[in-house]
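With positions in the sequence shown counted from 1, the corresponding number in the numbering used here is that position plus 493.
Cβ coordinates follow ideal geometry from the N, Cα and C atoms, glycine included.
Report on the structure given below.
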Amino acid sequence: MVSAKRAPWSLESLERACRKALPSATLRLANLPNEFCADVVLGDRPKIRVDSHQIGVRTAVIHELLHVVLDEDLIRFEPVEEVLIEALEAAVNKRISGSRRRVAWWRNAIDRKLRIRK
Ligand SMILES: [Zn+2]
């Protein structure tokens, strides 16, 4: 089914894909058990929960959106999926931190989502 060859991922296209995925996701702050900082239930409307006492909200949101965006690409990496996602999460967040404009975009988008939920 996936016959059309897709362009390889770059940090830029990963961030862009995360931005596109954010509107359809629900986001809420929650108290999670100690071993979980955040989690996501995948689906048409992915449900993301973040424990902001345990991890930064943007870091966690990027992490969970990468799970959403890369879901199909990660099929063959399932046993080491977290290793890959954590590495990409750090790289995408570093890219965002390097630009005031990008930081502002994510701050506004995440704040807006959290405000809608209240
Ligand atoms: Zn993860």
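- When 597, 583, 521 and 548 are compared, the shortest CA-CA separation from residue 559 is found for 583.
- Taking a C-beta distance under 8 Å as the contact criterion, residue 596 and residue 557 do not qualify as a contact pair.
- In this structure, the CA atom of residue 585 is about 11 Å from the CA atom of residue 551.
- According to the DSSP assignment, residue 541 belongs to the beta strand (DSSP E) that extends over 540-543.
- Proximity of the beta carbon of residue 548 to ligand 1 is not indicated: no heavy atom of the ligand is located closer than 7 Å.
- When DSSP assignments are scanned along the stretch 565-594, the uninterrupted stretches of alpha helix (DSSP H) that are 4 or more residues long and fall wholly within it turn out to be 574-590.
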